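Below is one structure, written out as structure tokens; the observations come after it.
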Amino acid sequence: MAVKLPIYLDNAATTRTDPRVVEAMLPAFNDTYGNPGSRNHRFGWESEELVDTARRQVADLIGADRKEIIFTSGATESNNLAIKGAASMYATKPAGEKNRGHIITAAHEHKAVLDPVKRLAKDGFDITILEPPADGVITAQMVKDAMRDDTILVTIMWANNEIGTINEVPDIGALCHERGVVFHTDATQWVGKMPTDVNKDNVDLLSLSGHKMYGPKGVGALYVRRRRPRVRLTAIIEGGGQERGMRSGTLNVPGIVGLGKACELCALEMDAERERLYKLRVKLEQGITGQLDHVQINGHAEKRLAHLTNISYGFVEGESMMMAVKDIAVSSGSACTSASLEPSYVLKSLGVGDDLAHSSLRMSLGRWSTDEEVDYTIGKVVEAVKKLRELSPLYDMHNEGIDLSKVEWQAH
Ligand SMILES: *Cc1c(COP(=O)(O)O)cnc(C)c1O
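Residues 586 to 997, numbered by my numbering, are exactly what the sequence shown covers, in order.
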């Protein structure tokens, strides 16, 4: 059977909404359209019931209590609320002063963590940005070494969105609890794929997003620990006092229902799905690395997500590579965040050189990825790299035994 093109291998960027999720959302548009904040009539009560069910579904997926779930517009907002809200609440000095408290994060976090942290640096907080080692894994020891007496917040993602590496979250959380420091984790790529228990895993604040786990876009949640210890946040969005005052605004009922359903499905299916996708990823990696020299898989060999792989291809140029595999939707190692073609800051932070970072592709499998699609992708990538290398004088020189690092290039 011929595979249907284009092939979607960019599930770390976003996932298709599961049709079962869409189905579950429809009544929240058509029938149960009340405002869950309307306390005095049936329309409101019925909407509130839907929200309640979703809150339980989200809480169950991560081992939380439903009172600990705050609905947001996605992980970007959850991160902003967690980081700015905790910093403001636990600041040791009032706004306008310096040295208001110390915050630890890492260089390969998502921009939705790094930018709020940089904002806090301008607002008088001291920041440590940990440089990850070559394997990309942030350990509890690294965090421990960076801790100070005035540390108030640690924010370290659970799994990295570009390379899939998994940080030592339970141990980092344990360390934070020992020191009485609030611990936030951006778990957007982790939740729904890997078993999660906020209590066993020592997490105080956890961000998640609907559209990375087969739910709708524009909805997410922040878990906020209520006991041992109780974590408090200063609200960022103020208004009607919804979500226990932590996030005002009329609730996105259809989105929330969809997020809840997505969480329920992940809870039921993630183990089997992870196993299936792991086999496909191994096949993909072996297919590519087995047929090509000068390729490198980025990030720790084992400590990474099952469905994602990030591979650098030596002696090919990133843009030509993207063009050559254009019927496969992947993500490139060049930041598409701006018009300028900067190599990925995540790969750079691991010490991957500019050339290899530029010629990297992230491929992320998902719920509807098939064996045939993986076969097609292997064939296409191998063919593309071989073809591009035929045109590469550098690859020729390398094969002739010339050490390219010693070549003195003539300026024209
Ligand atoms: C996608 C992503 C985000 C942003 O999530 P949105 O819901 O799109 O705002 C934040 N962090 C990580 C790790 C992500 O992968």
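All C-beta atoms, glycine included, are put in the ideal place defined by N, C-alpha and C. As the structure is a computational prediction, the values presented were derived from the model and not from experiment.
T661 and A697 do touch by the CB rule: their CB atoms are close to 4 Å apart, below 8 Å.
Taking C-alpha positions only, E753 is separated from K888 by approximately 9 Å.
The shortest C-alpha to C-alpha distance from Y618 to any of V722, N837 and M779 is the one to N837. Counting the other CB atoms within 10 Å of its CB gives E858 a total of 16 or more, which places it among the buried residues. Listed in chain order, the non-local C-beta contacts of K846 below 6 Å within the same chain comprise V606 and A609, local neighbours out to five positions each way being set aside. Pairwise C-beta distances place the region 826-842 out of contact with the region 778-791, as fewer than three of them are shorter than 8 Å. Residue state for R817 is assigned as coil, using DSSP reduced to three classes. The alpha-carbon separation between L979 and L989 amounts to approximately 8 Å.
Annotated as proximal: Q774 and L890, with beta-carbon spacing under 8 Å.
According to the DSSP assignment, L807 belongs to the beta strand (DSSP E) that extends over G805 to V809. For R947, the uninterrupted beta strand (DSSP E) run begins and ends at S945 to S949, by DSSP.
Under a 10 Å Cβ-count criterion, I896 is classified as buried, with 16 or more other Cβ atoms of the shown protein chains found around its own Cβ. Judged by pairs of C-beta atoms under 8 Å, the region 903-916 does not touch the region 862-875, as fewer than three such pairs exist. One Cα belongs to H762, the other to S792, and the distance between them is close to 19 Å. Following the DSSP letters along the chain, one finds Y898 inside the beta strand (DSSP E) bounded by residues L893 to Y898. Taken from the Cβ of D595, every heavy atom of ligand 1 lies 7 Å or farther away. Taking the Cβ of M831 as the reference point, every heavy atom of ligand 1 lies at 7 Å or farther away.
When the alpha-carbon of C851 is set against those of K797, R685 and S658, the nearest one is in K797. Here DSSP, grouped into helix, strand and coil, assigns A691 to strand.
With a cutoff of 7 Å, G659 counts as near ligand 1, since its C-beta is closer than that to a heavy atom of the ligand.
Here DSSP, grouped into helix, strand and coil, assigns V702 to helix. Around the beta carbon of T677, fewer than 16 other beta carbons lie within 10 angstroms, which makes this residue exposed. When the beta-carbon positions are compared, V728 and I757 come within less than 8 Å of each other. Ligand 1 approaches D771 closely enough that one of its heavy atoms is under 7 Å from the residue's Cβ. Only residues of its own chain outside the window of five on either side were considered, and among them I913 and E958 have a CB closer than 6 Å to the CB of I592, listed in chain order. In the DSSP assignment, F656 falls within the unbroken beta strand (DSSP E) covering I654 to T657. At a threshold of 7 Å, Q774 counts as near ligand 1, since its beta carbon sits closer than that to one of the ligand's heavy atoms. Q726 and I751 have their C-alpha atoms spaced approximately 15 Å apart. Here the alpha carbons of V739 and R640 stand approximately 26 Å from one another.
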